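Q:
Protein chains: 2
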Amino acid sequence: MCELLGMSANVPTDICFSFTGLVKRGGGTGPHKDGWGITFYEGKGYRAFKDPEPSYLSPVANMVQNYPIKSMAVIAHIRQANSGVVALENTHPFTRELWGKYWTFAHNGQLTDYQKLETGFFQPVGETDSEYAFCYLLHKLITKYPQRPKQWAGVFRYIAKCAKELSKLGVFNMLLSDGQYVIAYCSTNLHWITRQAPFGKAKLIDEEVEIDFQKHTSPTDIVTVIATQPLTSNEHWHKIQPEHYELFKNGLQIK
Amino acid sequence: MCELLGMSANVPTDICFSFTGLVKRGGGTGPHKDGWGITFYEGKGYRAFKDPEPSYLSPVANMVQNYPIKSMAVIAHIRQANSGVVALENTHPFTRELWGKYWTFAHNGQLTDYQKLETGFFQPVGETDSEYAFCYLLHKLITKYPQRPKQWAGVFRYIAKCAKELSKLGVFNMLLSDGQYVIAYCSTNLHWITRQAPFGKAKLIDEEVEIDFQKHTSPTDIVTVIATQPLTSNEHWHKIQPEHYELFKNGLQIK
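Protein sequences, first through last, are from chains A and B. So for the first sequence, UniProt numbering puts the first residue at 1; every next one is plus one. So for the second sequence, UniProt numbering puts the first residue at 1; every next one is plus one.
Listed below in structure tokens is the structure:
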């Protein structure tokens, strides 16, 4: 099992607070000791930090917590290895280019028979079921849309359809982003929350940290956080129903 | 103009010393104020740190200098923008997957008419001549070798041939690596040095730093550093002749 964390916002926002909660689960309060990664979009570019070491011990994770990188779309993951050795090439999130955009993917779950998935031109570098599944998704997309599509809602509906196919091979909770949209496909567990004015206080479940969002936000900010399990104890998180998806853009649920 | 830095080694080696020299040129002692990036291979995976900010001011560059990441293949770049805006998506090095391997590319120089280059399936995300050239190279490679090749010397000869074509469009000094090999193509300026036992002392040109390699190495270590201009003042660097290339693996020149 692994844990996923995603963010979609309408202004560049730092994810330090949520990342602090996730990092503690990386071998601290949780069993996910086999690496972690976080990818921040900045415009059309991205910045990725990852480590095959447990996140609660990692100096790079420490740097990310203390150096607030602001982004409108973030995908993060902590890992307990169940497929593929503990190595950098097997550490999520994975990023590949398609249609002149960078796509970033992270997966929670386990698939069987994934080696049979056709990936065409997109070859996995590591050995994980997750990277195979990502390559399969990209291959399905370029096959259906050889040219860069113009209507994105249909593209994400098709992504969800392919994700449903993948979930027949096991557990497939997924976060995927192109830097503008964040799609969350739920096979078993994914929760989300949208924070906007009036902002309140939030308290992390995993650490004695409380944040007063009102002090860190402006009244027009809209920020959605998606996570395997709720990260705060005093807010209401929505659970995505199994085999359903949610789509977010600029902090808003748009499906 | 930009500056390139590459490393090939037979043991995981930290590049802090050379990177310190390069970083000073990022708006400090040199004019390259428009971003910097460094990519370290670890096994089949890689770690990339980059910033559109000048390297001598960047907190991420500071972290990289103080946190010795050990690698056998490194590509780094500092940039003075001449094509494409100052943005993360235009910041070298660029990394893409081909044949199930990650390829990392950085370019020094300027090309004209690059928008006409065919890039096929590999679409540029940003606007630089450099990323176009990289996509063109990958497109040429997948066209010539639709399946993963087995004889790499021939592949790198072909890469050098394509680089020579690109250098007809302007200045094209290039570093490219698949994590095992590092190829350096010289259009105008590229220098390299191989350090091995008996190790001596080296003194950085750009900063009052001296390092005694004997204290930081074992007698079997072999480390090659490639840079636009020599980084040390008391060692002999080889200049690559214009329109020639050198190929390195495990720290050794193998062409």
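Glycine residues also receive a C-beta, built at the ideal position from the N, C-alpha and C atoms. In this text the structure is predicted, and so the values were computed from the model without any measurement.
How many Å lie between B:Glu-246 and B:Gln-253 at the Cα?
A: Walking along the second sequence from the start, residue 246 of chain B turns up at place 246. Walking along the second sequence from the start, residue 253 of chain B turns up at place 253. Roughly 7 Å separates the two Cα atoms.
Q: Specify the secondary structure class of B:Ala-87 as computed by DSSP and reduced to three states.
A: Residue numbering aside, residue 87 of chain B sits at position 87 when the second sequence is read from its first letter. In the structure shown, B:Ala-87 sits in coil (DSSP, three-state: anything other than H, G, I, E or B).
Q: So what does DSSP say about A:Asp-129, is it helix, strand or coil?
A: For the purposes of this step, residue 129 of chain A is taken as residue 129 along the first sequence, with counting starting at 1. Three-state result, A:Asp-129: helix.
Q: Any idea what DSSP makes of A:Arg-79, helix, strand or coil?
A: Reading the first sequence from its first residue, position 79 is the one you call residue 79 of chain A. When DSSP states are grouped into helix, strand and coil, A:Arg-79 belongs to the coil group.
Q: In angstroms, rounded to a whole number, what distance separates the CA positions of A:Glu-97 and B:Pro-124?
A: Walking along the first sequence from the start, residue 97 of chain A turns up at place 97. Walking along the second sequence from the start, residue 124 of chain B turns up at place 124. About 9 Å.
Q: So which residues of chain B does A:Phe-156 contact, with C-beta pairs closer than 8 Å?
A: Your numbering for residue 156 of chain A matches position 156 in the first sequence. Near A:Phe-156 there are no residues of chain B at all, since even the closest Cβ is about 20 Å away, more than 8 Å.
Q: Establish whether the CB of A:Val-11 and some CB of chain D are separated by less than 7 Å.
A: In the structure shown, chain D cannot be found, because the protein chains are A and B.
Q: Could you compute how far the alpha carbon of A:Ala-184 sits from the alpha carbon of B:Thr-188?
A: Taking the first residue of the first sequence as position 1, residue 184 of chain A is located at position 184. Taking the first residue of the second sequence as position 1, residue 188 of chain B is located at position 188. For A:Ala-184 and B:Thr-188, the distance between alpha carbons rounds to 49 Å.
Q: DSSP three-state label for B:Ala-227, please.
A: Counting from one through the second sequence, the residue named residue 227 of chain B turns up at place 227. Three-state result, B:Ala-227: strand.
Q: Let me see if you follow: with CB-CB separation under 7 Å, is A:Leu-138 close to chain B or not?
A: Counting from 1 along the first sequence, the entry for residue 138 of chain A is found at position 138. By this cut-off, A:Leu-138 is not an interface position.
Q: Under 7 Å between beta-carbons, which chain A residues line up against B:Met-63? List them in chain order, please.
A: If you number the second sequence from 1, residue 63 of chain B lands on position 63. Near B:Met-63 (Cβ distances below 7 Å), the residues of chain A are Met-63.
Q: Please state whether DSSP places A:Ala-106 in a helix, a strand or coil.
A: As a working note, residue 106 of chain A is residue 106 in the first sequence. The answer is strand: DSSP assigns A:Ala-106 an E or B state.
Q: So, A:His-139 versus A:Thr-119, is the Cβ gap smaller than 7 Å?
A: As a working mapping, residue 139 of chain A is identified with position 139 in the first sequence. As a working mapping, residue 119 of chain A is identified with position 119 in the first sequence. Yes.
Q: Are three or more beta carbon pairs between the stretch 217-228 of chain B and the stretch 36-48 of chain B nearer than 8 Å?
A: no
Q: Keeping to the same chain, check which residues put their C-beta closer than 6 Å to that of A:Tyr-41; ignore five residues upstream and five downstream.
A: Indexing the first sequence from 1 puts residue 41 of chain A at position 41. Taken in chain order, the residues that qualify are Ser-71, Ala-73, Gly-179.
Q: So for B:Gln-196, helix, strand or coil by DSSP?
A: For the purposes of this step, residue 196 of chain B is taken as residue 196 along the second sequence, with counting starting at 1. It is a strand residue.
Q: By DSSP's criteria, B:Ser-58 is part of a beta bridge. Which residues make up the other side?
A: To locate residue 58 of chain B, count along the second sequence from 1; it is residue 58. B:Ser-58 is not bridged to any residue.
Q: Given a limit of 8 Å on CB to CB distance, which residues of the stretch 107-137 of chain B reach chain A?
A: Phe-121, Phe-122, Gln-123, Pro-124, Val-125, Gly-126
Q: Quick one: which chain A residues come within Cβ less than 8 Å of B:Gly-43?
A: The residue you call residue 43 of chain B lines up with position 43 of the second sequence. Under the 8 Å cutoff, chain A gives Ala-87, Leu-88, Glu-89.
Q: So with CB distances below 9 Å, who are the chain A contacts of B:Tyr-102?
A: Here residue 102 of chain B refers to the residue found at position 102 when the second sequence is read from its first residue. Simply Glu-89, Val-125.
Q: Quick check: what's the CA-CA separation for A:Ala-202 versus B:Val-85?
A: Position 202 of the first sequence, counted from the start, is the residue given in the question as residue 202 of chain A. Position 85 of the second sequence, counted from the start, is the residue given in the question as residue 85 of chain B. If you take the alpha carbons of A:Ala-202 and B:Val-85, they lie about 39 Å apart.
Q: Give a yes or no on whether the C-beta atoms belonging to A:Leu-175 and A:Gly-37 are separated by under 7 Å.
A: The sequence position of residue 175 of chain A within the first sequence is 175, counting from 1. The sequence position of residue 37 of chain A within the first sequence is 37, counting from 1. The answer is no: Cβ separation not under 7 Å.
Q: Got a sec, what are the start and stop residues for the beta strand (DSSP E) B:Val-11 sits in?
A: The sequence position of residue 11 of chain B within the second sequence is 11, counting from 1. Its beta strand (DSSP E) spans residues 3-14.
Q: In the DSSP assignment, what are the bridge partners of A:Val-182?
A: Stepping through the first sequence from its first residue, residue 182 of chain A is reached at position 182. A:Val-182 pairs with A:Ser-177, A:Phe-248.
Q: What does DSSP give as the partner residue(s) for A:Ile-211 in the beta ladder?
A: Working through the first sequence from its first residue, we reach residue 211 of chain A at position 211. A:Ile-211 is bridged to A:Ala-202.
Q: Classify A:Lys-168 as helix, strand or coil using the three-state DSSP reduction.
A: Sequence index remark: in the first sequence, residue 168 of chain A carries index 168 (1-based). The DSSP-derived three-state label of A:Lys-168 is coil.
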